[in-house]
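Residue numbering for the sequence shown follows the UniProt record's numbering, starting at 1 and increasing by one per position.
Here a beta-carbon is modelled for each residue, glycine too, at the ideal position from N, C-alpha and C.
Below you'll find the structure, written out as structure tokens, and then a few comments.
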Amino acid sequence: MAAPQTLPAVEPPPAPSCQTHESTMELILQEVRAVGHRLEGMDTKISYLAAETKFIHINISDFQDRVEEVERRLTAVEDCFNTVLDRY
């Protein structure tokens, strides 16, 4: 029987230095700040869209009121027309 072979020793990877951790943390912080700025921009856009939506809603309500007024006037004209037709 052959003698068992020994595997060469494997050296562990060098431990990361504090400087490596600091640069990684700085990169993470930069990404977090960038995401924060994008979120602020989105918040501004959402606020703008909310204001626009409210403005549109007010305009739609005003338009509906005007349509109802036109319908009332048309009904009055129709009633007058029918009254005239009934007379003749």
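Using the three-state DSSP reduction, which class does residue i fall into: helix, strand or coil?
| i | result |
| --- | --- |
| residue 30 | helix |
| residue 11 | coil |
| residue 17 | coil |
| residue 5 | coil |
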